[in-house]
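Accompanying notes for the structure given below.
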Amino acid sequence: MESVTATRKETQSQAAADKASAGPTTVQQETDGFHLLIDALKQNGIDTIFGLPGIPITDLTRKAQAAGLRVISFRHEQNAGYAASIAGFMTQKPGICLTVSAPGFLNGLTALANATTNCFPMILISGSSEREIVDLQQGDYEEMDQLAIAKPLAKAAFRVLHAEDIGIGVARAIRAAVSGRPGGVYLDLPAKLFPQAVDAATGRNSLIRVVDPAPRQIPSEQSVMRAVELLQNAKRPLIILGKGAAYAQADADIRALVEKTGIPYLPMAMAKGLLPDTHDLSAAAARSYVLPEADVVMLIGARLNWLLSHGKGKTWGGASPKAWGGQKFIQVDISPTEADSNVRIDAPVVGDIGSCVSAMLKAVDSKWRKPPEDWLTAIAERKNKNVAKMAETLAKNPTPMNFHSALAVVRDIVKANPDAMLVNEGANALDFTRSIVDMYKPRKRLDVGTWGVMGIGMGFSIAAAVVSGQQVIAVEGDSAFGFSGMEVETICRYNLPVCIVILNNNGVYRGDEVNPTGGADPSPLVFVKDARYEKLMEAFGGVGVHATTPAALRTAMEEAVRSRRPTLINAIIDERAGTESGRITSLNPTAKKK
Ligand code: ADP
Ligand code: TZD
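All letters in the sequence shown, in the order written, are residues 0 to 593 by numbering that gives the first Met the number 0.
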């Protein structure tokens with residue numbers, strides 16, 4: 000896309016303007032902010048916008064669609080934002096979320112902050128009100144100083160005031176979103192900007208096709224050698240793959256590094272499938288054994304944050320919650336300031352994961368000695384024991400269903416459809432799915448990420464379907480689903496192959512709590528009992544199923560995958576099934592006074 004879409008003076012009809020935009024005309028041509036923005040995005044390979052129309056961006060959504068961009072219109076900006084962020088994760092291109100001013104912007108902002116936290120590249124583009132009025136606080140329609148509010152939550156934030164600066168604004172936003180550690184970027188576009196007329200040639204010349212937006216960052220040779228030497232001399236080495244490794248799309252080299260070194264690995268939730276979960280070297284089923292036992296741990300695109308107990312405490316064999324376990328750490332990461340954030344990193348390797356892993360592969364030569372046999376055997380023993388125990392649990396068929404008997408079905412369906420995208424949120428619904436449902440291919444599992452945020456479900460599902468064209472299976476807690484449930488209309492409207500499975504236990508974590516006073520209000524943790532979520536899907540023309548047995552769940556999921564129709568399966572789980580906060584119960588502050 001080279002050409003700047005041409006528009007003529009306002010006096011001409013829309014039809015004439017459309018004709019003009021279709022091909023060259025002889026009249027003097029002008030373009031405007033609307034078209035410059037669309038052209039700037041298209042020139043940079045952006046093909047989809049996730050958003051919600053209204054003043055001042057309604058016409059932008061219309062014109063973007065007319066110009067061939069895919070515009071996915073949501074029911075709430077937060078879901079559009081989550082969709083954009085995960086599209087960024089899947090494609091390495093910034094996902095675009097488009098919102099109106101103040102409240103629309105704020106609705107999108109949670110997703111932007113979540114994107115920054117998770118290192119997903121995303122650009123939130125919001126229309127904003129009249130600068131002069133906002134700055135004098137004179138009470139404009141949807142008045143808000145959006146740039147100032149976005150700044151602390153975004154990796155970068157920019158405002159464009161003149162149409163001929165749109166090209167620069169978009170270029171800066173793209174570079175900020177995808178270079179180095181990816182993140183969320185805010186782009187503020189005041190309403191006045193869109194109709195500003197610019198001479199077409201000047202406009203065309205102002206656009207930038209960003210060259211090499213995420214340049215490779217080559218690690219120093221010394222850092223690679225230091226890391227490889229540490230690994231080679233380890234007695235009990237372990238690799239931890241994080242979602243940064245999945246994002247990097249260096250799948251073949253990462254697999255080769257694991258296999259060539261013969262080092263067992265643990266995938267973080269969104270790195271599952273980078274190597275198939277059934278791989279011999281996966282230590283996932285022996286997690287609580289390998290973390291404290293390992294002597295050298297190499298993190299590839301994973302931070303030592305709360306998800307890894309900050310690299311210390313009991314999980315790592317430390318004597319007390321703050322005590323270090325004594326492991327030596329290698330950290331492969333694009334951010335030079337990530338190392339030493341929680342414990343000492345003995346061998347930081349700073350660079351992009353593709354370059355780092357390929358340099359390490361080269362350094363692992365034919366003289367490489369695989370890890371000691373006793374380490375591998377000890378892991379295999381733990382693994383086999385745990386897998387056998389889990390198989391026993393999964394084979395049970397209790398009435399009502401529990402998480403295990405329902406997820407045994409999901410596990411089979413994913414195994415039979417390894418290209419399907421799996422979206423997952425909830426507490427128990429998250430933890431059990433992560434450990435029970437094996438993934439076979441990279442970047443197929445999308446979940447609550449670094450914040451453990453509820454509400455990503457439908458936004459992620461919509462983006463996953465739009466970006467990949469594959470079947471999406473969304474495994475949702477009933478509470479989790481509620482955060483974005485209205486988007487089932489969006490799923491039906493775009494006829495997306497999304498199969499939602501709600502593991503419905505009537506509440507947050509579980510459904511059997513009562514009001515301790517005996518009063519009429521229900522407990523804050525429970526919902527309407529036996530809620531018929533499937534009817535929500537039926538309301539918009541999709542398929543709704545009420546499933547009370549694994550057999551019914553299986554039939555419904557198979558049919559959903561076969562038909563690719565929007566489907567919501569309300570899978571009824573024992574309301575006593577579930578632990579408060581799932582696996583992270585210990586993070587709940589509890590009152591000392593009973
Ligand atoms: P997880 O939650 O799976 O443990 P995190 O989100 O904590 O993963 O960590 C991801 C890490 O990956 C971040 O520290 C980020 O800087 C890093 N990262 C992201 N993309 C790349 C890349 N292309 N190359 C190197 N590091 C990357
Ligand atoms: N709000 C937001 C935005 N994110 C959160 N993580 C929470 C609230 C707190 N929260 C959790 O951490 S999990 C969860 C909430 C409300 C829902 C758990 O219930 P569920 O899943 O029905 O989704 P299970 O399977 O019943 O545990």
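We treat Cβ as the ideally placed atom computed from N, Cα and C, and that holds for glycine.
| Are three or more beta carbon pairs between the segment 556-566 and the segment 373-388 nearer than 8 Å? | When C-beta atoms of the segment 556-566 are compared with those of the segment 373-388, fewer than three pairs fall below 8 Å, so the two segments do not count as touching.
| task | Measure from the alpha carbon of S205 to the alpha carbon of each residue in Q91, F49, L108, A39, then state which is nearest. | result | A39
| Span of the alpha helix (DSSP H), counted from its first residue to its last, around R61 | 57-65
| field | Extent of the continuous alpha helix (DSSP H) run through C355 | value | That run of the alpha helix (DSSP H) goes 352-362.
| request: With a threshold of 7 Å, establish whether the CB of G454 neighbours any heavy atom of the ligand TZD. | output: yes
| field | Cβ neighbour criterion (16 or more within 10 Å) applied to L230 | value | buried
| Taking buried to mean at least 16 other C-beta atoms within 10 Å of its own C-beta, is T516 buried or exposed? | exposed
| field | Residue range of the beta strand (DSSP E) that includes T47 | value | 47-50
| request: From the DSSP output, in three-state form, read off N427 for me. | output: helix
| request: Compute the minimum distance between the beta carbon of L265 and the heavy atoms of the ligand GTP, and state whether it is under 7 Å. | output: Among the ligands in the structure shown, the ligand GTP does not appear; only the ligand ADP and the ligand TZD can be found there.
| query | Which whole-angstrom value describes the C-beta separation of S334 and R180, a residue pair presumed to lie in contact below a C-beta threshold of 8 Å? | reply | 4 Å
| Between the CA atoms of K311 and R225 - distance to the nearest angstrom | 23 Å
| message | Check whether the segment 339-355 and the segment 281-294 are in contact - that is, three or more C-beta pairs closer than 8 Å. | response | Inter-segment contact for the segment 339-355 and the segment 281-294 is absent: fewer than three beta-carbon pairs are separated by less than 8 Å.
| task | For D118, verify whether its CB is less than 7 Å away from any heavy atom of the ligand ADP. | result | Correcting the residue type first, residue 118 is Cys in the shown sequence and not Asp. Yes, the ligand ADP has a heavy atom inside 7 Å of this Cβ.
| query | Do you know offhand how far G581's Cα is from N106's? | reply | One Cα belongs to G581, the other to N106, and the distance between them is close to 28 Å.
| Coarse secondary structure for W323, derived from DSSP in three states | strand
| task | Put R564 into one of helix, strand or coil per three-state DSSP. | result | coil
| Buried versus exposed, by CB contacts within 10 Å (16 or more), I132 | exposed
| request: Please confirm if the segment 355-370 is in contact with the segment 244-255, defined as three or more CB-CB distances below 8 Å between the two stretches. | output: yes
| Does the Cβ-Cβ distance between G202 and L186 come in under 8 Å? | no
| Rounded to a whole number of angstroms, what is the C-alpha to C-alpha distance between D37 and Y493? | According to the sequence provided, residue 37 is Ile. The question's Asp does not apply to it. For I37 and Y493, the distance between alpha carbons rounds to 22 Å.
| request: Identify every run of the alpha helix (DSSP H) within the segment 405-452, keeping only runs that are complete inside it and at least 4 residues long; order them along the chain. | output: Runs of the alpha helix (DSSP H) lying entirely within the segment 405-452, each at least 4 residues long, are 427-435 in chain order.
| message | To the nearest angstrom, how far is the alpha carbon of P146 from that of A112? | response | It is Leu, not Pro, that sits at residue 146 in the sequence shown. For L146 and A112, the distance between alpha carbons rounds to 14 Å.
| message | Is it the case that the segment 293-301 contacts the segment 459-468, given that we only count it when at least three CB pairs across the two stretches are under 8 Å? | response | No: the two stretches stay apart, fewer than three of their Cβ pairs being nearer than 8 Å.
| field | Buried versus exposed call for Y140 [16 or more other C-beta atoms within 10 Å across all chains shown] | value | With a threshold of 16 other beta carbon atoms within 10 Å, Y140 falls short and is exposed.
| Quick one: is the Cβ of R561 within less than 7 Å of any heavy atom of the ligand ADP? | no
| field | Residue from L256, W323, G456, M420 whose Cα sits closest to the Cα of V363 | value | L256
| Can the beta-carbon of I501 be found closer than 8 Å to that of I583? | no
| said: Count Cβ pairs between the segment 404-418 and the segment 439-455 that sit closer than 8 Å; are there 3 or more? | reply: Flag = yes, the segment 404-418 and the segment 439-455 touch.
| message | Can you tell me whether T449 is buried or exposed? The criterion is at least 16 other CB atoms within 10 Å of its CB, across all chains shown. | response | Here T449 is buried, its C-beta having at least 16 other C-beta atoms within 10 Å.
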